[in-house]
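In the UniProt record's numbering, the protein residues as written are 1 to 535.
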């Protein structure tokens, strides 16, 4: 059957119709020599492919073309398409696909990763027994381009994950490297077939034991999982130097298609014994640092979330109250170790200014907080989440930034009113033009080499810890990729306001503080420090 190719771009609606028709003819003649081309996006619900939602240079997909609403009339079978620049624009590697000359409508089925042995799109073989190359087994399909004709505007192939992803973030609490650690799962099926058109997964074969992929730094273990029913809770076995420890996850009932499961575990390997401190159960968001069970079991540690009083009015979050910020507060030290929050234009609308509504945090007993009606002698009351980051007038979000729990004793000259204020302004600027900037601001009363805590006095004469340094950890998504950066400023007066001199990677900040930031991001992203992205 003779074919014609797809018009590869969408013309601007602002062009006059006569010019548009001329332009269309020119482009059609040009693209006819190349055949159908595709742009694409990856659904970021799972973020498992290469841990982001972008393609890599020379990635290859397979494409089937079928007559519209026909699962038997296959017009093109498993044609390889590649994105040479990794930008998601796919062009045929050898034999391009063309539209039918009779202009009949067609449907497309695309999948990744490409295999030249696939001839039946309803019977794609799956084998997850070898986890060493995650992107080689992370099956994705795109079936959204249906009822297409030559005149149809170009649409994105919308790829979705057909399998599930497990990520285990490992953090050593003893200071020793975890290199050499192994992780495995028993009792799961790893083989099956997939129907690429409707996404049905059919497991087959016996349940087995398989090893997770461990990254070079031994900070993350990963596995692609076959969706299937479970008889109990999924368990992961850790092994190092002949010692083992079993971790029980909360995954039960079944492994859901397209899901991403993230678990954070502190591992202590000393004296030939492995002990673990798993992540606690708490309400968390993308920006929330990991809180372990041992931390929340301490009576002086309080995890608090403040909400705006406004609810989402659109799916899929319709009816859910919008968060303001969360914090990890120490009632002994009377300061928060960190305050985490999202930042976008919605929070900045209204320009309410400063409400100056200083007061106790209603979610923590008054006697467990510092009285900061006035600043401690020699210091200002330094916000962790700035008043300037919460400017809406239709709720109390700005008032909540004036809770005493959000304050620390902070030097005003040369820090709070200088370089720190400049950094806070830059953070607001970095939230512009993107969906959301995720922020963690913190204050540490000790360092790796100085464990002696110093105190100021509150208005009641009670001790309040003086931070030895302040930090910020930031993450944002730009063009499908996550960017991260962190800052660490010692608690001193600075003679300059060049905050970029104090930029570090998020991974470096994790090593300094002992906290795990943005646990859903891979270590590779958090290790990267590219200040040019933030200028």
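A virtual CB, placed ideally from N, CA and C, is assigned to each residue, including glycine.
Going by DSSP, what residue range makes up the alpha helix (DSSP H) through residue i?
| i | result |
| --- | --- |
| residue 294 | 293 to 296 |
| residue 257 | Counting along the chain, residue 257 falls outside any alpha helix (DSSP H), and DSSP gives it neither H nor E. |
| residue 190 | That residue, residue 190, is in no alpha helix (DSSP H); it is neither H nor E in DSSP. |
| residue 525 | 523 to 527 |
Taking the alpha-carbon positions, what's the residue i to residue j distance?
| i | j | result |
| --- | --- | --- |
| residue 372 | residue 452 | 23 Å |
| residue 441 | residue 76 | 54 Å |
| residue 247 | residue 497 | 47 Å |
| residue 523 | residue 220 | 8 Å |
| residue 410 | residue 182 | 44 Å |
| residue 518 | residue 288 | 7 Å |
| residue 513 | residue 330 | 15 Å |
| residue 394 | residue 375 | 29 Å |
| residue 50 | residue 510 | Below a pLDDT of 50, predicted positions are generally treated as unreliable, and residue 50, at 35, falls in that range; the measurement from the model is reported next regardless. Using only the alpha carbons, I get a separation of about 22 Å. |
| residue 483 | residue 119 | 39 Å |
| residue 212 | residue 140 | 20 Å |
| residue 530 | residue 366 | 43 Å |
| residue 332 | residue 264 | 26 Å |
| residue 36 | residue 59 | 17 Å |
| residue 38 | residue 187 | 40 Å |
| residue 260 | residue 223 | 10 Å |
| residue 534 | residue 487 | 12 Å |
| residue 398 | residue 436 | 19 Å |
| residue 116 | residue 80 | 8 Å |
| residue 147 | residue 100 | 12 Å |
| residue 350 | residue 344 | 13 Å |
| residue 284 | residue 388 | 24 Å |
If you reduce the DSSP assignment to three classes, tell me which class residue i lands in.
| i | result |
| --- | --- |
| residue 504 | strand |
| residue 134 | helix |
| residue 398 | helix |
| residue 345 | helix |
| residue 40 | strand |
| residue 414 | helix |
| residue 222 | strand |
| residue 239 | strand |
| residue 98 | coil |
| residue 211 | strand |
| residue 516 | coil |
| residue 419 | helix |
| residue 533 | helix |
| residue 570 | Residue coverage of the chain in this structure runs from 1 to 535, which leaves residue 570 outside it and unanswerable. |
| residue 358 | coil |
| residue 290 | coil |
| residue 324 | strand |
| residue 338 | strand |
| residue 234 | coil |
| residue 31 | Low confidence applies to residue 31: its pLDDT is 41, below 50, so where it sits in the model is not reliable enough to give any reading. |
| residue 52 | Bear in mind that a pLDDT of 41 at residue 52, under 50, signals an unreliable position, so the number given afterwards is only what the model happens to contain. Residue 52: coil per DSSP, three-state reduction. |
Rounded to whole angstroms, how far is the Cβ of residue i from the Cβ of residue j, which I believe are closer than 8 Å?
| i | j | result |
| --- | --- | --- |
| residue 404 | residue 369 | 5 Å |
| residue 506 | residue 473 | 5 Å |
| residue 142 | residue 110 | 4 Å |
| residue 536 | residue 476 | Here the chain covers residues 1 to 535 and nothing more, so residue 536 does not appear. |
| residue 162 | residue 155 | The Cβ separation is near 20 Å, so there is no contact. |
| residue 520 | residue 286 | 6 Å |
| residue 71 | residue 158 | Incorrect: roughly 20 Å between the Cβ atoms, too far for contact. |
| residue 178 | residue 267 | 6 Å |
| residue 90 | residue 290 | Rounded, the Cβ-Cβ distance is 38 Å, inconsistent with contact. |
| residue 167 | residue 108 | Actually they are not in contact, since the Cβ atoms of residue 167 and residue 108 sit about 31 Å apart, beyond 8 Å. |
May I ask whether a heavy atom of the ligand COA can be found less than 7 Å away from the beta carbon of residue i?
| i | result |
| --- | --- |
| residue 503 | This structure does not include the ligand COA; it has no bound ligands of any sort. |
What are the start and end residues of the beta strand (DSSP E) that includes residue i?
| i | result |
| --- | --- |
| residue 66 | 59 to 67 |
| residue 301 | 301 to 311 |
| residue 164 | 164 to 172 |
| residue 143 | No beta strand (DSSP E) holds residue 143; DSSP gives it neither H nor E. |
| residue 106 | 106 to 112 |
| residue 541 | Only positions 1 to 535 of the chain appear in the structure, and residue 541 is not among them; the question remains open. |
| residue 275 | 273 to 278 |
| residue 487 | 481 to 490 |
| residue 463 | 463 to 465 |
| residue 90 | Where residue 90 is concerned, there is no enclosing beta strand (DSSP E), given that its DSSP letter is neither H nor E. |
| residue 457 | 455 to 457 |
Look at the Cβ atom of residue i, then the Cβ atom of residue j, and state whether they are nearer than 8 Å.
| i | j | result |
| --- | --- | --- |
| residue 424 | residue 386 | yes |
| residue 321 | residue 303 | no |
| residue 185 | residue 226 | no |
| residue 277 | residue 173 | yes |
| residue 255 | residue 164 | yes |
| residue 269 | residue 176 | yes |
| residue 205 | residue 230 | no |
| residue 67 | residue 104 | yes |
| residue 228 | residue 274 | no |
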